[in-house]
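Residue numbers (our numbering): 1 to 209.
Quick reminder that beta carbons are idealized off the backbone N, C-alpha and C, glycines included.
Keep in mind it's a predicted model, so treat the numbers as computed, not measured.
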Amino acid sequence: MPHESVLDLIGNTPVVDVSNLSPNPRVKLMAKLEGQNPFGSVKDRIAKSMIETAIKEGVLKPGQRIMEPSSGNTGIALAAIAAVKGNPITILMPESVSIERRQMLEVFGAQIILTPGAEGSNGAVRRAEKLASENPEWCFLHQYQNDANPQAHYESTGPEILRDVPEVTHFVAGLGTSGTLMGVGRYLKEHKPGVKIVAVEPPLGERVE
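#1: Select from A148, H191, P193, E190 the residue whose C-alpha is nearest the C-alpha of S178.
#2: In the DSSP assignment, find the beta strand (DSSP E) that holds K196 and state where it starts and stops.
#3: Please list the segments of the alpha helix (DSSP H) lying wholly inside the region 109 to 138, counting only runs of 4 or more residues, in order along the chain.
#4: How is G11 classed by DSSP in three states: helix, strand or coil?
#5: Skipping 5 residues on each side, what residues in its chain have a beta carbon closer than 7 Å to that of E81?
#6: Whether or not the region 112 to 132 and the region 55 to 75 are in contact is what I'm after, with contact meaning three or more pairs of Cβ atoms, one per stretch, closer than 8 Å; do they touch?
#7: Where P136 and V27 are concerned, what is the direct C-alpha to C-alpha distance, given to the nearest angstrom?
#8: Exposed or buried, which one is S133 when buried takes at least 16 other CB atoms within 10 Å?
#9: Taking the alpha-carbon of L181 as reference, which of L92, P193, V198, P116 has the nearest alpha-carbon?
#10: Entirely within the region 51 to 109 and at least 4 residues each: give me those alpha helix (DSSP H) ranges in chain order.
#11: Taking the CB atoms as reference points, tell me whether L21 and L33 lie closer together than 8 Å.
#12: Could you work out which residue in E119, R102, K43, K85 is closest to K56 when comparing CA atoms only?
#13: According to the Cβ coordinates, are G158 and V184 closer than 8 Å?
#14: Which residue's Cα is closest to the Cα of L9: S19, V16, S41?
#15: Which one of I112, M104, Q143 has the shortest CA to CA distance from R45?
#16: Could you tell me which residues DSSP pairs with V16 in its beta bridges?
Put into C-alpha cells, the structure is as follows:
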C-alpha cells in the first residue's frame, strides 16, 4: 500500500524470536528490530515525536532552524525528518564521533558543530544550551528534557510490544536519555504490573561505535 510520507513508515517494527542466542533453553527471547525504521534506529520514533509535537504546540514554525546536541542516531533521525519538513537543522556533537555519522548528517543537509571530544556528550549539551540562549529564534528540542521523547514510546513502542508479545515478562533496553525505558516501561507496567524493566548501559568510559 502506498504511503504519503516516509514518516508513515516509522514504527510497527518486526519482532523476531532469537531464543537461540540465550544460554538458557527455557528462556524465550524476542528482539524488536528497530533498525528497520526508515532512518535506521529506534531514535526515528522520538525524532518524529519531538518535531511534530513542537509544530503542534507552535514552538517550531515553517523554515525555523532546529538545533540539537547528539552523538549519533537521534541527530541522524532529526536531520532526516527536518529535511522532510523543510526545516534547517544544526547538530552539535563531540569531535570524537565517527566520520560515518558525520557523513550521514551531511547527506540530510545538517550543519554540524563539533565540540571537544574530551567533554563527551555533556560538552555538546552545554554548547547547545549556550547557543540556544544566544539564538532564541532557533528551536532547541533538548531530547534529555523533552516529554515527547518517552511519550513516543508510551504511545507506539509499548503498545506494539504488548500486541506482538502479549506474554512478555521482562523488557530490556539500552539506557541513553532513558526515553525508551521510561515510555515502554510505563506502558507495560500499566497493563502488566508484573513485568520487569531492565536497563543496560556500558561501563564508564566505554565507547560503542
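Let's see:
#1: A148
#2: 196 to 200
#3: 120 to 134
#4: coil
#5: Checking the sequence, you will find Ile at residue 81 rather than Glu. Only L7, A47, K48, I51 meet the Cβ criterion.
#6: yes
#7: 52 Å
#8: exposed
#9: V198
#10: 73 to 85, 99 to 107
#11: no
#12: K85
#13: yes
#14: S41
#15: Q143
#16: A31
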